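Protein chains in written order, with my numbering: chain A, 1379 to 1478; chain B, 20 to 613.
C-beta atoms are modelled at their ideal positions from N, C-alpha and C, and glycine is treated no differently.
The model shown is predicted, which means the values in this text are computed figures rather than measured ones.
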Amino acid sequence: MTIEIQKDSDPIFVKMIGVLDTGAAEQIETEIQEIESLAQKTISIDCSKLEYICSSGLRHFLRIRKAAGEYGHVVTLTGVSNNILEVLKITHFDSIFDIQ
Amino acid sequence: MSRPKIAGIRTYISLSLLVILIGGIVFTTGFGICLYLSRTQITELTNKGISRDLDVIHNYVDGQLQSIEDVAYALSGAEDRNYATFDPASFDSEESMFVFLENILNVNANICGIAIGLEPSLSVPQQGPYGFAAYVTNVSGKSERLRLGGINDYRKKEWYCKAATRNKPYWSLPFRETNMGKVVTCFSLPLHDRTGNFIGVLALDINTEAFRLKCNEIMPFKNAEVTLVDRNHRFISHPDTTFLLRNVSDYHPEQWNKAAAHDLAQQKKFFRVESKENKSLFYFDTIQRTQWIISIECPIDEVYSGVYRMRRDTTLIAIASILFMIVCFIYLFRRLQRITLSKANLDKEVKIASEIQMDMTPKHKASAPEFEQFDVCGFLQPARDIGGDLYDFFLYDGCLYFCIGDVSGKGIPASLFMSATHYLFRSTLEGCEDLAQAVASINRSLCTNNERNMFVTFFCGKLDLATGKLDYCNAGHNAPILISHEPGKASFIQTTHRLPLGIMSDVTFQTETMNLQNGDALFLYTDGITESMNLERQEFGDEQTLQCVTAHASESTQDIVKKLYKDIQQHAAGAEQSDDITMLCFRYNSSDNS
């Protein structure tokens, strides 16, 4: 699992690549904290290379969403695959993100 | 609480000892080689140095002896060194002979005495019946005459008779000179007349004190002994003058026997003898002219003092290192012991927590009268020792309340959040009229102080056992499967999705209602089922879950759960279980039918 962050752009582009399972979720703590700290700008997460997301991964999405929410921003998710979209729908996360 | 067994401690001790042992062997071997090389190097250097010292003494002593011989030959006018001629008639009186000898003594500082002895038969002025010999010695810078002859027959003395009988030049054994007490040695040269007849002996004395002083100058080591011995193995030169003319074999018989045998037999110029008894190295050299032996004795302790010092220092360092290593190992051992102990304690506590978690799940007893109207089976298999999934059910006032949930994440953090949810379910749903409000209340409680943004997907329901009316509320959880009483019919129920609990406190939930027929069953599960993966990372999936449940639809709830778990394991085919797996299945048997 790798995360690419374009800090200098506005909105900030975050690209999630690989499988976001429980093991990966425990390892990306630092990156998530960094993204949280950038939440004064709008954030766009590219999920086109995200193959799988577990509930711990959803928790990270939620953290980013909450950090952005404090600045009144909405987090955009792009390139969401069907299986990820399914998970987002089941958990109703599709209601708190702007899915494009 | 019993003390947990500490695995690996014995291995650690064995490994530590092995490391110390191997380290010790490697160090000792390396050090041994280093010591051996140093010793060899020092031996080589010592051999060279001592060889030079021996040469210095050899050249000096031999040069002095040579100069005496040269003077003798010059006086005798000998062309052939073995055949000196002399004409006593050239001296007209004894006086002239003494004057001649005194002159020679005065110009040759290294000569301490000079004598000419003649055969009695010769026609020499004032010759007595026993012959005549003139002897002049140097006493404190003044020459002193001595007329030999008469009863004190000089022809029996070594200096005369040895040269006379052999008719060859002769170096006498060193002796103590009577006037000054010096140790001198004498060179005797037989004299001949023009026809070749032996007529007498010319003798020159040389003081060996100069040799002793030269030997004392050479001091390769502080306690080295540089000595010079004659062919009868008596000291000519020794740092201690009381040793002079004493036999050396009284002190080092073995070394001297070896030296004599070796050197005189093989004519080898230089060799050394290592004596373990005396802990000394002996170096020898021979002066062929007089068959004297130069000896340098070096105490082994001094020769190899550098090596011994290095050995002592390194041994101390090695001992210190080993002690340090032992201290380190003991320190690490204690730390490891603490860590192992605390890990063992933690493992034990996790195990207890896991047992508590399992105890929290309701136990179904088929014989209990309150369970007559439904057949129920729950299953929870955490991916780790402790999980974040939950299921529960209880009967209250003719209704069956049930829930299933999945906390984000796994392990202890998830299990703590799961316990809170579990408690809130029990306390909030009991007797509640509106499920949605009860769930909203649970959600608000879970949102309070939820700094880590944990959440739980949650599905709960309330089945009126009398009517079969089922109220349910879904908070972000997978839709359960309704297994129809009609054979081979099963489908996901329609639910309105809402956010999981713990995310936002102001979320509203929706109560939905359906009616269960006699024999209908509801199968609830967590995503550990649908997202179970095999080694190729293929998910079990919603469709396959539905298919399998449909296939086992006619079985008892216990068998449905058991067989579906078997299906999951078959699908995983050895892949590690990545998420908690939870199932809850109950079948409604209406009271009309019972």
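- Taking a beta-carbon distance threshold of 7 Å, residue 1400 of chain A counts as an interface residue toward chain B.
- When secondary structure is reduced to three states using DSSP, residue 571 of chain B falls in the coil class, being assigned neither helix nor strand.
- Annotated three-state conformation of residue 479 of chain B is strand, per DSSP.
- Counting the other Cβ atoms within 10 Å of the Cβ of residue 347 of chain B gives fewer than 16, which makes it exposed.
- Membership of residue 34 of chain B in the alpha helix (DSSP H) is indicated by the continuous run 28-95.
- The DSSP-derived three-state label of residue 488 of chain B is strand.
- Taking one beta carbon from each stretch, the segment 35-53 of chain B and the segment 1467-1476 of chain A have fewer than 3 pairs nearer than 8 Å; the two do not touch.
- If only complete runs of 3 or more residues are kept, the segment 359-443 of chain B shows the beta strand (DSSP E) at 393-400, 408-415, 418-426, in order along the chain.
- If you check the CB distance, residue 373 of chain B and residue 404 of chain B come in under 7 Å.
- Note on the segment 198-257 of chain B: whole beta strand (DSSP E) runs with a minimum of 3 residues are 202-211, 217-226, 244-248, 254-256, in chain order.
- DSSP places residue 131 of chain B inside the beta strand (DSSP E), whose first and last residues are 130-137.
- Taking CB atoms only, residue 427 of chain B has a neighbour in chain A less than 7 Å away.
- Residue environment analysis places residue 165 of chain B among the exposed positions, since fewer than 16 neighbouring C-beta atoms fall within 10 angstroms of its C-beta.
- Per DSSP, the continuous alpha helix (DSSP H) segment holding residue 1439 of chain A begins and ends at 1433-1447.
- With a threshold of 7 Å between beta carbons, residue 495 of chain B makes contact with chain A.
- The beta-carbon of residue 472 of chain B is placed less than 7 Å from the nearest beta-carbon of chain A.
- A contact is defined here as three or more CB-CB pairs under 8 Å, and the segment 60-68 of chain B meets this definition with respect to the segment 322-334 of chain B.
- Residue 1419 of chain A does not reach chain B, its nearest Cβ partner there being about 20 Å away, counting only Cβ pairs nearer than 8 Å.
- Residue 428 of chain B is classed as buried because its beta carbon has at least 16 other beta carbons within 10 Å across all chains shown.
- If you draw a straight line from the Cα of residue 159 of chain B to the Cα of residue 199 of chain B, it comes to about 9 Å.
- Contact of residue 519 of chain B with chain A is assigned, a C-beta pair being separated by under 7 Å.
- Looking at the DSSP output, residue 604 of chain B shares a beta bridge with B/396, B/542.
- In terms of Cα proximity to residue 1422 of chain A, the closest of A/1385, A/1454, A/1472, A/1476 is A/1454.
- Straight through space, the alpha carbons of residue 263 of chain B and residue 314 of chain B are spaced by roughly 14 Å.
- Chain B has no Cβ within less than 7 Å of the Cβ of residue 1416 of chain A.
- Listed in chain order, the non-local C-beta contacts of residue 582 of chain B below 7 Å within the same chain comprise 571, 574, local neighbours out to five positions each way being set aside.
- For residue 1468 of chain A, at least one C-beta of chain B is nearer than 7 Å to its own C-beta.
- If the five residues before and after residue 412 of chain B are omitted, its C-beta is found closer than 8 Å to the C-beta atoms of 381, 395, 397, 419, 420, 421, 422, 603, 605, all from its own chain and listed in chain order.
- Using a Cβ-Cβ cut-off of 7 Å, residue 1440 of chain A counts as an interface residue toward chain B, since at least one Cβ of chain B sits closer than that to its own.
- For residue 476 of chain B, the chain A residues whose Cβ falls inside 8 Å of its Cβ are 1433, 1468, 1469, in order along the chain.
- With respect to residue 249 of chain B, residue 192 of chain B sits close: the two C-beta atoms are nearer than 7 Å.
- Against chain B, a Cβ distance below 7 Å from residue 1387 of chain A picks out nothing, because the smallest value is about 26 Å.
- Boundaries of the alpha helix (DSSP H) harbouring residue 585 of chain B: 576-591, taken from the DSSP string.
- Nearest in C-alpha terms to residue 1428 of chain A, of all of A/1418, A/1420, A/1439, A/1419, is A/1439.
- By the Cβ rule, the segment 534-546 of chain B counts as touching the segment 480-500 of chain B, because three or more pairs are nearer than 8 Å.
- In this structure, residue 91 of chain B lies away from residue 210 of chain B, with their beta-carbon atoms at least 7 Å apart.
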